[in-house]
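Protein sequence lines correspond, in order, to chains L and G.
Numbered according to our numbering, the first sequence spans residues 1 to 240.
Numbered according to our numbering, the second sequence spans residues 241 to 647.
Comments concern the structure below.
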Amino acid sequence: MIEAEDISKTYARGDGGTVEALKKVSFQIAPGEFVAVRGASGSGKSTLLNLLGCLDRPSSGSYRLDGEDVARYSDKQLSRIRNARIGFIFQSFNLLPRTTALENVEMPMVYGDGHVDRRRAISALERVGLAARANHFATELSGGEEQRVAIARALINTPALILADEPTGNLDLNAGREVMRLLEDLHHEGRTILLVTHDDAIAAYAAREILLRDGAIASDRSGASKPLHPAVDPVVGGAV
Amino acid sequence: MKAGKLLSQATRSMRRYRLRTLLMMLGIVVGIASLAVLTSIGEATKRETMQRFKNMIGTFDTIMVRPGGGRSRGMPTLVNVPPTLRFEDANAIASELPEIRAVAEMQTAFDVDVKYRDHAASPVVIGVSPNWLELRLEEVADGAFFTNEQNASLARAAVIGTDLRAALFPDEDPLGKTFRIADAPFQVIGVLKSRGAGPAGGSLDNLVLVPVNTAARRLFNRDFLTMLIAQVKDPDRSTEATDKVAALLRERHHIQPPALDDFTITNPAATMAQVSRAGSTLTKILTGVAIMALLIGGVVIMSLMSIAVSERRKEIGVRRAGGAARSDIVFQFLFEATFVALAGGIVGVVIGWGGMQLATRMQKLPPILVWRPFATAILLSLMIGLVFGIYPAWKASQIDPIQALRS
């Protein structure tokens, strides 16, 4: 699924120097894995997410997605891959302003083959339990509802890889738990999920945890010890 | 198909930002409306002026000679011209100058009393030579025009204008009727086709035409002319012919420069060229003003779109993450700018067309529909949208989605 080999990312700094945000990072993620990427701020986890999400190209190294080396792809090719294979979920939801939930969910279809299938958009909203809210504007939704619309939008083109950047960071406990349950369900359906977080409790949902420190992998643990269905709710704590 | 969906995305976002869309349209609306109004009024005025000139002078292959050294105002009549232009001058021009095909002689008198039974009127009475009809491209609607024989025999024959017919013969056929011009009896042999309005707007149909020899001997007792009309053989060389006529008249009237001419020659072809040049200069100036307004409208679109792009950074980031390529973003914003400009252009044309109707009514011009400025205006607004939309659209496509999503 994901094969990253020696990928580095270097940024130019304002004073003429450079910052090495990622230093020759290599790892593989198999289809269907649920991986949490953790690290302090500045550790390079956002950079890694942008590279894996094809929003950016590595300065060096190779990145193979489903066997395709996308590290040197053009803007158009990368856009096509983002559209068809990757679903993004953001901390701040990022719904289009002044736009209904349904139109938000339909948006990625426009950039695919251009065929907007309204029924599919509605069933995606049903999937996240918001079909009744299809014609509500983003401002009329609660934070948790907004994030669920965003998840429906990420799912609309049935991507294999879902990239979630602190998806519960702006949510209260209940809403956060709801979002994590949705992600877990998607995982059980066989989708690959990569979750960026600095929250231990959220990271605990994932079976594997990659810890970044100063742009390099500090540890990569497969949490065989972690049960698929944790007996203890890691968000709220205590017995479920 | 994909383009269609991108279009619908663009129209949706324009609906989302209604106020901004309206403001962007406003500049173009004003520019296009003024462009359409100004150019159409200019064009309509020009056409109307040309038409009136044509009504007055008849054709463009003639030059006109009037007695007196110029600066005389209004129509020359027997009471306001010096007796310097003679019948012999007309004959000499016709026979001696190869550039001239024919010469018509005229004696004009205003406000002559005419009577028929208990009807009276004061039309213009003009003695004209029989070739006047042909030189002026006039037509007789009923009856006939007088002949050279009638002119030579001092026949008391008259051809009347439609206004005079209405005044003297409201209920009967005027042909064959005898009426009085200043107490002298004349028989109506024809009615002139209506000639419409002259340059000042007055009717040209309140007149009586009689043979010029009859007028000179039996009516006015004057042996000089108020005007002669010379038809040139080659209208393209009317200036040359004008010079020849002037030279001949100077010779006949013993005028040596620097003495001033005792006649004035007008060359309608040259005058017309001047009129239409003046008209087109006016049109050019007005068009320039309106184009300035349009450019300002374009700049307004550009700046508001640029602001919109910065405000919609996040949207651009989300769209990019959802699979929009840079070209899709360019297309969306370029389409928005173009659509706004085009819509503004169409609204402007509608307003401009209404304004033009109003203006022509107020100026009492006949409503002439000039479509070309409107078509040009719509095309122009489309181009303005494209040209001034390119920069903001390009700027939008250059936004880094990562930065945009983080903000």
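Just so it is clear, CB atoms sit at the ideal spot from N, CA and C, and this is done for glycine as well.
Quick caveat, the model's predicted, so the values are computed rather than measured.
### Query
What whole-angstrom Cβ distance do L/R38 and L/E184 have, given they're in contact under 8 angstroms?
The residue labelled residue 38 of chain L in the question sits at position 38 within the first sequence. The residue labelled residue 184 of chain L in the question sits at position 184 within the first sequence. The Cβ separation is near 18 angstroms, so there is no contact.
### Query
Given a threshold of 16 other Cβ atoms within 10 Å of its Cβ, counted over all protein chains shown, does G/M542 qualify as buried or as exposed?
In the second sequence, the residue the question calls residue 542 of chain G occupies position 302. Buried is the call here.
### Task
Just confirm the distance between the C-beta atoms of G/P307 and G/F503, as a whole number of angstroms; I'd bet it's less than 8 angstroms.
What you label residue 307 of chain G is simply residue 67 of the second sequence in a count that begins at 1. What you label residue 503 of chain G is simply residue 263 of the second sequence in a count that begins at 1. Confirmed, Cβ separation roughly 6 angstroms.
### Message
Starting from L/Q77, trace the alpha helix (DSSP H) in both directions and tell me its first and last residue.
### Response
The count along the first sequence starts at 1 and reaches residue 77 of chain L at position 77. That run of the alpha helix (DSSP H) goes D75 to R85.
### Message
According to DSSP, is L/K9 part of a helix, a strand, or is it coil?
### Response
Taking the first sequence and counting its residues from 1, one reaches residue 9 of chain L at position 9. In this structure, L/K9 counts as strand in the three-state DSSP scheme.
### Query
Taking the alpha carbon of G/D474 as the point to measure from, which residue in G/A456, G/A509 and G/A487 has its own alpha carbon closest?
Taking the second sequence and counting its residues from 1, one reaches residue 474 of chain G at position 234. For G/D474, the nearest C-alpha among the options comes from G/A509.
### Task
Note down, in chain order, every chain A residue with its Cβ under 8 angstroms from the Cβ of G/K635.
Here chain A cannot be found, since the structure's protein chains are L and G.
#### Entry: Candidates G/L404, G/N371, G/A397 and G/N391: closest to G/D353 by CA position
Start at 1 with the first residue of the second sequence, and residue 353 of chain G comes out as number 113. With distances taken between Cα atoms, G/D353 lies closest to G/L404.
### Proximal residues, the stretch 556–584 of chain G versus chain L, C-beta separation under 8 angstroms
G557, V558, R559, R560, A561, G562, G563, A564, A565, R566, S567 and D568
### Residue environment, G/W611, which counts as buried when at least 16 other CB atoms sit within 10 Å
On the second sequence, position 371 is the one that residue 611 of chain G refers to. The residue in question, G/W611, is exposed, as its Cβ has fewer than 16 Cβ neighbours within 10 Å.
### Message
Measuring straight from C-alpha to C-alpha, what distance separates G/A548 and G/K635?
### Response
For this step, residue 548 of chain G is matched to residue 308 along the second sequence. For this step, residue 635 of chain G is matched to residue 395 along the second sequence. One C-alpha to the other measures close to 11 angstroms.
### Query
Shortest alpha-carbon distance to G/R396 belongs to which of G/A617, G/V428 and G/G585?
Taking the first residue of the second sequence as 1, we reach residue 396 of chain G at position 156. Per the Cα distances, G/V428.
### Message
Using only CA atoms, which one of G/F419, G/T616, G/D413 and G/N391 lies nearest to G/S362?
### Response
If you number the second sequence from 1, residue 362 of chain G lands on position 122. That would be G/F419, whose Cα lies nearest to the Cα of G/S362.
#### Entry: Which of helix, strand or coil DSSP assigns to G/R462
By one-based count along the second sequence, residue 462 of chain G stands at place 222. It is coil, neither helix nor strand.
### Query
Does the beta carbon of G/M241 come closer than 8 angstroms to any beta carbon on chain L?
For the purposes of this step, residue 241 of chain G is identified with residue 1 of the second sequence, where counting begins at 1. The predicted model places G/M241 with a pLDDT of 45, which falls under 50 and marks its position as unreliable; any figure quoted below should be read in that light. Yes, G/M241 counts as interfacial toward chain L.
#### Entry: Contact residues within the stretch 62–78 of chain L, judged by C-beta distance below 7 angstroms to chain G
D75 and K76
#### Entry: Separation of G/R258 from G/E576, as counted between CA atoms
Mapped onto the second sequence, residue 576 of chain G falls at position 336. Mapped onto the second sequence, residue 258 of chain G falls at position 18. Straight-line Cα distance between these residues: approximately 12 angstroms.
### Query
In whole angstroms, what separates the C-alpha of G/A276 from that of G/A565?
Counting from 1 along the second sequence, the entry for residue 276 of chain G is found at position 36. Counting from 1 along the second sequence, the entry for residue 565 of chain G is found at position 325. About 39 angstroms.
### Message
For a test of the three-state rule: what should DSSP assign to G/Y631, helix, strand or coil?
### Response
On the second sequence, position 391 is the one that residue 631 of chain G refers to. Helix at G/Y631.
### Query
CA-CA distance, G/S393 and G/T454?
On the second sequence, position 153 is the one that residue 393 of chain G refers to. On the second sequence, position 214 is the one that residue 454 of chain G refers to. If you take the alpha carbons of G/S393 and G/T454, they lie about 8 angstroms apart.
### Query
Are the beta-carbon atoms belonging to G/G625 and G/T578 less than 8 angstroms from one another?
Here residue 625 of chain G corresponds to residue number 385 of the second sequence, with the count starting at 1. Here residue 578 of chain G corresponds to residue number 338 of the second sequence, with the count starting at 1. A contact, by the Cβ cut-off of 8 angstroms.
### Task
Kindly indicate which residue of G/A437, G/Q390 and G/L375 has the alpha-carbon position closest to the one of G/G401.
On the second sequence, residue 401 of chain G is found 161 positions in, with the first residue counted as 1. Of the candidates G/A437, G/Q390 and G/L375, the one whose C-alpha sits nearest the C-alpha of G/G401 is G/A437.
### Query
Quick one: which chain G residues come within Cβ less than 7 angstroms of L/Y111?
The count along the first sequence starts at 1 and reaches residue 111 of chain L at position 111. Going along chain G in sequence order, the residues near L/Y111 (Cβ under 7 angstroms) are G562, G563, A564 and D568.
### Task
Please compile the residues from chain L whose C-beta is within a distance smaller than 7 angstroms of the C-beta of G/I642.
Taking the second sequence and counting its residues from 1, the one referred to as residue 642 of chain G is at position 402. N50, L55 and D56, listed in chain order.
### Task
Report the three-state DSSP secondary structure of G/R552 (helix, strand or coil).
Position 312 of the second sequence, counted from the start, is the residue given in the question as residue 552 of chain G. Note: G/R552 maps to coil in three-state DSSP.
### Query
Helix, strand or coil for G/T346 per DSSP?
Walking along the second sequence from the start, residue 346 of chain G turns up at place 106. The sequence shown places Met at residue 346 of chain G, not Thr. Note: G/M346 maps to strand in three-state DSSP.
#### Entry: Cutoff 8 angstroms: G/P247 Cβ touching any chain L Cβ
On the second sequence, residue 247 of chain G is found 7 positions in, with the first residue counted as 1. Rather than Pro, the amino acid found at residue 247 of chain G in this sequence is Leu. No, its Cβ sits nowhere closer than 8 angstroms to a Cβ of chain L.
### Query
Shorter than 8 angstroms from the beta carbon of L/L228 to some beta carbon of chain G?
As a first step, residue 228 of chain L is located in the first sequence; it is residue number 228 there, counting from the start. At L/L228 the pLDDT is 47, less than 50, meaning the model places this residue with poor confidence; the figure from the coordinates comes in the next sentence. No, its Cβ sits nowhere closer than 8 angstroms to a Cβ of chain G.
### Query
What residues from chain G crowd round L/V116, counting only those whose CB sits closer than 9 angstroms?
Sequence index remark: in the first sequence, residue 116 of chain L carries index 116 (1-based). By Cβ distance, chain G contributes K245 and S248.
### Coarse secondary structure for L/H229, derived from DSSP in three states
Locating residue 229 of chain L in the first sequence gives position 229, where the first residue counts as 1. No answer about L/H229 holds up, because its pLDDT of 48 lies below 50 and its placement is not dependable.
### Message
Which residue wins for smallest C-alpha separation from G/I630, given the options G/L544, G/L645, G/G562 and G/A644?
### Response
Residue 630 of chain G sits at position 390 when you count from the first residue of the second sequence. Measuring from the Cα of G/I630, the nearest candidate turns out to be G/L544.
### Task
May I have the straight-line CA-CA distance separating L/G114 from G/R646, to the nearest angstrom?
Taking the first residue of the first sequence as position 1, residue 114 of chain L is located at position 114. Taking the first residue of the second sequence as position 1, residue 646 of chain G is located at position 406. Approximately 27 angstroms, taken between the alpha carbons.
### Message
Could you check whether G/S621 and G/G584 sit closer than 8 angstroms to each other, using their CB atoms as the reference points?
### Response
Within the second sequence, residue 584 of chain G is the residue found at index 344, counting from 1. Within the second sequence, residue 621 of chain G is the residue found at index 381, counting from 1. Closer than 8 angstroms, so yes.
### Task
Under 8 angstroms by Cβ, that's how I've got G/A213 and G/T317 pegged, so tell me the actual separation to the nearest angstrom.
With chain G covering 241 to 647 only, the question about residue 213 of chain G has no answer from this structure.
### Query
Around the Cβ of L/S8, are there at least 16 other Cβ atoms within 10 angstroms (buried) or fewer (exposed)?
On the first sequence, position 8 is the one that residue 8 of chain L refers to. Burial call: buried.
### Message
Please state whether the Cβ-Cβ distance between L/D6 and L/F90 is less than 8 angstroms.
### Response
In the first sequence, residue 6 of chain L corresponds to position 6, counting from 1. In the first sequence, residue 90 of chain L corresponds to position 90, counting from 1. Cβ distance not < 8 angstroms, so L/D6 and L/F90 don't count as in contact.
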